[in-house]
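Before any comments, here is the structure.
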Amino acid sequence: MKLYNSATRKKEDFVPNHPDIVKMYTCGPTVYHFAHIGNLRSYIMEDVLEKYLRFAGYNVKRVMNITDVGHLTSDADEGEDKMLKGAQREHKTVMEIAKFYTDAFFSDCAKLNIKTPDVVEPATACIDEYIKIITRLMDTGYAYFAGGNVYFDTAKLERYFVFNDFNAEDLDVGVREGVEEDTNKRNKNDFVLWFTKSKFEDQALKWDSPWGVGYPGWHIECSGISMKHLGDDLDIHCGGIDNAFPHHTNEIAQSEAYLGHKWCNYWVHVLHLNTNSGKMSKSSGEFLTVSLLEEKGYDPLAYRLFCLQSHYRRSLVFSWENLDNAQVTYNKLIARIAALQPAGAGPDQAALAALREKFSAALDNDLNSSLAVTALYDVLKYKTDDDTKLAAIADFDRVLSLDLIARADKKREELKKQTVAVGQFTIVSETGEADAEVEARIQARQDAKKAKNFAEADRIRDELKAQGIEVTDIPHGVRWKRI
Ligand code: AMP
Ligand code: ZN
127 MKLYNSATRK
137 KEDFVPNHPD
147 IVKMYTCGPT
157 VYHFAHIGNL
167 RSYIMEDVLE
177 KYLRFAGYNV
187 KRVMNITDVG
197 HLTSDADEGE
207 DKMLKGAQRE
217 HKTVMEIAKF
227 YTDAFFSDCA
237 KLNIKTPDVV
247 EPATACIDEY
257 IKIITRLMDT
267 GYAYFAGGNV
277 YFDTAKLERY
287 FVFNDFNAED
297 LDVGVREGVE
307 EDTNKRNKND
317 FVLWFTKSKF
327 EDQALKWDSP
337 WGVGYPGWHI
347 ECSGISMKHL
357 GDDLDIHCGG
367 IDNAFPHHTN
377 EIAQSEAYLG
387 HKWCNYWVHV
397 LHLNTNSGKM
407 SKSSGEFLTV
417 SLLEEKGYDP
427 LAYRLFCLQS
437 HYRRSLVFSW
447 ENLDNAQVTY
457 NKLIARIAAL
467 QPAGAGPDQA
477 ALAALREKFS
487 AALDNDLNSS
497 LAVTALYDVL
507 KYKTDDDTKL
517 AAIADFDRVL
527 SLDLIARADK
537 KREELKKQTV
547 AVGQFTIVSE
557 TGEADAEVEA
567 RIQARQDAKK
577 AKNFAEADRI
587 RDELKAQGIE
597 VTDIPHGVRW
607 KRI
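Structure, rendered in structure tokens:
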């Protein structure tokens, strides 16, 4: 498999460090508010990556943090703590806010068929881990104490900017208006490892440490949690592109200074979901959540399909029109799969292998999920029996997770019930499309058959064929498609 590595800016062959396991880490949500569908784009694509690695035969251990302390309104360690702000907004405690939005996050993930990682660890559960790392960084001179906080000294590194060669303007990333610069820092990019003092209202959650009672910075959380569960190295680290700087840059700085060797081999960043008016954020504009999509009548899996249809390294524009299209595509896809009739004969293994090869080739190429969706349509067109098609679709859906088989089974059942209930003759198209004229001709053919006028019935079928419409008799009705 080839993966684009943001650290080298190249597509590289994926070779795990260990033969028996792929170690994967994902930056989890800051649980001060609902996740917006932009955040969830990142989690959907990371889910596809994890599932495809498993599909390709790897044994994966995936770890994700829950940020419930230390993430300030500016990613550059300034401003108020997001959790505290959330608690004040809702007149609740920080822990109540954390629990509520952690549950909400996993409920959204479940609706989008995003698998829960093997290990999910709240940042507040690993304080000893951060203290251990920071202690060594202090001992080895990579960290310093100033104004009540412990900072990482970026000037001690030969190369700090891993993902980009930043210029002075870029360094202002994350510093928002109204946020004063921290004069305790020796260098502009130094970052806080441990806070005991903040210019803003004091943090609700605090722990004892060698540097005083306080709380960890956001960046140290991911290094600490990853090392606690995955050890001294990491194969893949994921996150949205905004995490590359400063968050991931700082994670690498502190982890490699602590370990004394390279930490993570592949950095995978998902580009943003934007609206026409710009980047989606939790603090501005219409806040698009999974619940809002549901309230408006969309299926969360139509949103998943929308994300799969584009490559994760391209930014994606959300509009209601785009989502409408994805919903129509999803419905048609289910209708086409429902039109397949399982005979219980078992798949043709050679055909299945050929179909699977196309699907794998798409995802092996830097997780090209849109081509993988095309490979799914190729199954429907492939010259093979329906059992084989259904087996291939079930196989691909282990990665795509669009509930294709279950939804199609349900639809097929519904169609059957309708037929039985009213003793009615059912006409379905393979794509789920409705065409009154075609349906009228099919009904006329059925009437002719009923009247034992088989010559007329055949004539109508041939006439339809000449117009590019192929009809197939199925139990209780007819399935038609354009050829
Ligand atoms: P947060 O909860 O703010 O820590 O963000 C959770 C994840 O969502 C991180 O991996 C971010 O990089 C990612 N993210 C934030 N905004 C977007 C967006 N508009 N599109 C895609 N991913 C995003
Ligand atoms: Zn992180």
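My numbering puts the first residue of the sequence shown at 127, with every later residue one more than the last.
Glycine residues also receive a C-beta, built at the ideal position from the N, C-alpha and C atoms.
Shorter than 7 Å, the distance from the beta carbon of HIS373 to the closest heavy atom of the ligand ZN, or not?
yes
Thinking just about the alpha-carbon of each residue, which of VAL189, ARG482, ALA281 is nearest to the one in VAL245?
VAL189
For VAL195, report the span of its alpha helix (DSSP H) as first-last.
Element bounds for VAL195: n/a, residue is neither H nor E.
Given this structure, state the Cα-to-Cα distance separating PRO248 from ARG440, to the nearest angstrom.
30 Å
DSSP beta-bridge partners of ARG608:
ILE595
Do ASP511 and ASP474 come within 8 Å of each other at the CB atom, strictly closer than that value?
yes
Burial state of TRP446, where buried means 16 or more other Cβ atoms lie within 10 Å:
exposed
Measure from the alpha carbon of PRO468 to the alpha carbon of each residue in ALA534, SER527, THR500, then state which is nearest.
ALA534
Residues passing the C-beta test against the ligand ZN heavy atoms, cut-off 5 Å
CYS153, CYS348
Close-in-space but distant-in-sequence residues of the same chain around VAL184 (CB under 6 Å, 5 per side omitted)
First, the residue type needs correcting, since residue 184 is Tyr and not Val in the sequence shown. Taken in chain order, the residues that qualify are VAL148.
Buried or exposed (CB count within 10 angstroms, at least 16 for buried), ALA592
exposed
Using beta-carbon positions only, say whether GLU172 and VAL186 come within less than 8 Å of one another.
no
Taking only the alpha-carbon atoms, compute the straight-line gap between ARG234 and LEU166 and give it to the nearest angstrom.
Inspection of the sequence shows that residue 234 is occupied by Asp rather than by Arg. Cα to Cα, ASP234 sits roughly 8 Å from LEU166.
For the beta strand (DSSP E) that VAL276 lies in, which residues bound it at each end?
275-278
Give me whichever residues DSSP pairs with TRP393 in a beta bridge.
HIS363
Answer yes or no: do THR557 and ARG462 have a C-beta to C-beta separation smaller than 8 Å?
yes
Which value, in whole angstroms, describes the spacing of the CA atoms of ILE257 and THR228?
25 Å
Hey, would you say the C-beta of LEU399 is under 7 Å away from at least one heavy atom of the ligand AMP?
yes
To the nearest angstrom, how far is the alpha carbon of ALA480 from that of MET353?
40 Å
Give a single yes or no on whether MET406 has its beta carbon closer than 7 Å to a heavy atom of the ligand AMP.
yes
8 Å contact criterion, which ASN239 and ARG430 should meet: CB distance rounded:
6 Å
Does the region 387-394 come into contact with the region 414-433, if we say contact requires no fewer than three beta-carbon pairs (one atom in each stretch) closer than 8 Å?
no
Can you give me the start and stop residues for the beta strand (DSSP E) that LEU431 sits inside?
Element bounds for LEU431: not the beta strand (DSSP E) but the alpha helix (DSSP H), 426-434.
Taking the beta carbon of ALA269 as the centre, do at least 16 other beta carbons fall within 10 Å, making it buried, or is it exposed?
buried
Let me know the alpha helix (DSSP H) ranges lying completely inside the region 128-199, each 4 residues or longer, listed in chain order.
163-181
For a quick check, are the C-beta atoms of ILE362 and MET127 less than 8 Å apart?
no
Three-state secondary structure (DSSP) of SER110
Only positions 127 to 609 of the chain appear in the structure, and residue 110 is not among them; the question remains open.
At what residues does the beta strand (DSSP E) containing ALA370 begin and finish?
Where ALA370 is concerned, there is no enclosing beta strand (DSSP E), given that its DSSP letter is neither H nor E.
Can we count ASN239 as close to the ligand AMP, meaning its CB is less than 7 Å from some heavy atom?
no
Given ALA272, which residues of its chain have a CB within under 8 Å of its CB, disregarding the five upstream and five downstream residues?
ASN310, LYS311, ARG312
For PRO336, which of GLN569, PHE160, LEU319 has the nearest alpha-carbon?
LEU319
Contact check, ALA477 vs THR514 under 8 Å by CB: the rounded distance?
5 Å
Using the C-alpha atoms, what's the distance from GLY267 back to ASN376?
16 Å
Can you check the region 488-569 for any alpha helix (DSSP H) of at least 4 residues that lies completely inside it and give the ranges in chain order?
495-507, 512-526, 530-548
Would you say PRO155 touches the ligand AMP, meaning its beta carbon is less than 7 Å from a heavy atom?
yes
Please report the distance separating the alpha-carbon of ALA80 from that of GLN550.
Past the boundaries of the shown model lies residue 80; the chain is included only from 127 to 609, so the question cannot be answered.
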